[in-house]
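Visitor: Numbering (this note's numbering), first residue to last: 59 to 271. Dumping the structure here so I can ask a few things about it.
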Amino acid sequence: MTNVTFLPWVNPEENQPVASPVNAGEATANSHDVPEGVSRLSAILFTEVEEPEEVSAAGLDLDALEQSLLRKLNSQDMSVFEVQQWLASKDAPEADAAELVAKCERLNYLNDERLAHELASRLSERNGKSKSVITRELRQRGISTALISAAVESIDDDDELHKATELALQRVRQFSRLDDVTAERRLVGFLSRRGYSGDIVRAACKQALSSRS
């Protein structure tokens, strides 16, 4: 090794190499607990990298869309068709929309069979609607014909007659000043508009009119 002789006015420490500034990656790595002896590249890999949000090819934030859909399903019942329509209104690509629908079905957030039975029961018992009206309303919500038929068939004919008779008895009280012929005509029209079959309408009207005497 060659000995270097410094001039009297030169400070040897000034000629020492200056450490290069730490780059951004190293600064980030050093801010974490990194084991001694780990290479510079490995140290950088120790840093936590936040995963980017999933984005569709159209630039749509799929994570935000999914959360919005789940909130909607939590607040109201929707059929698969209605969810598909909603996703289309949000400009969701078909492939991404299909994936979201499949995921909701897998998690049982979407179930057209369950929805059909719940709606059929509710519309029949609470709203007094006939099988034909219930069928029409379920069809409007995009539920399949097979599921609608199964749900409507679960409504007992005796239950439907009982509900129609209840409605007729309530209605006939408003006809106290009408003669039987006029009261019957109005009752028939009232129940028919609700979709009850001719046999049920006649039976319900007969019981309601007999209560007037």
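Even glycine gets a Cβ: it sits at the ideal position worked out from N, Cα and C.
Between the Cα of VAL259 and the Cα atoms of ALA241, GLU218, GLU124 and LEU249, which residue gives the shortest distance?
Guide: Minimum Cα distance to VAL259 is reached at LEU249.
Visitor: Kindly indicate which residue of LEU120, GLN198 and LEU173 has the alpha-carbon position closest to the one of LYS161.
Guide: The candidate whose alpha carbon is nearest that of LYS161 is LEU120.
Visitor: With a threshold of 16 other CB atoms inside 10 Å of the CB of LYS264, please say whether the residue is buried or exposed.
Guide: Classification of LYS264: exposed, given that the 10 Å Cβ count is below 16.
Visitor: Is ALA234 helix, strand or coil when you go by DSSP?
Guide: Per the sequence shown, residue 234 should be read as Ser rather than Ala. Three-state DSSP puts SER234 in coil, outside helix and strand.
Visitor: Would you check if the stretch 134 to 153 and the stretch 192 to 203 touch, i.e. whether three or more CB-CB distances between them fall below 8 Å?
Guide: Yes, the stretch 192 to 203 is in contact with the stretch 134 to 153.
Visitor: Assign LEU244 to one of three DSSP states: helix, strand, or coil.
Guide: Rather than Leu, the amino acid found at residue 244 in this sequence is Arg. Residue state, collapsed to three classes: helix.
Visitor: How is the alpha helix (DSSP H) around GLN198 delimited, first residue to last?
Guide: Counting along the chain, the alpha helix (DSSP H) containing GLN198 begins and ends at 189 to 198.
Visitor: Does the Cβ-Cβ distance between ALA178 and ALA226 come in under 9 Å?
Guide: Cβ atoms of ALA178 and ALA226: not closer than 9 Å.
Visitor: Give me the residue from VAL210, LEU158, LEU236 and HIS220 with the minimum Cα distance to LEU145.
Guide: Among VAL210, LEU158, LEU236 and HIS220, the Cα nearest to that of LEU145 belongs to LEU158.
Visitor: Quick one: measure Cβ to Cβ for GLY247 and SER188, integer angstroms, because I've assumed they're closer than 8 Å.
Guide: Not confirmed; about 14 Å, so no contact.
Visitor: Using a 10 Å radius around the Cβ and a threshold of 16 neighbouring Cβ atoms, would you call LYS221 buried or exposed?
Guide: Buried, by the Cβ-count rule.
Visitor: Enumerate in chain order the residues of its own chain whose CB-to-CB distance from SER182 is below 6 Å, with the five nearest sequence positions on each side excluded.
Guide: Cβ neighbours of SER182 beyond the five flanking positions: ILE213.
Visitor: Could you compute how far the alpha carbon of ALA204 sits from the alpha carbon of ARG270?
Guide: Those two C-alpha atoms are separated by around 42 Å.
Visitor: DSSP on ASN166, reduced to helix/strand/coil?
Guide: In this structure, ASN166 counts as coil in the three-state DSSP scheme.
Visitor: What does the alpha-carbon distance come out to for the pair ALA85 and LEU128?
Guide: Here ALA85 scores only 45 on pLDDT, less than 50, and its place in the model should not be relied on; the value that follows carries that caveat. Using only the alpha carbons, I get a separation of about 41 Å.
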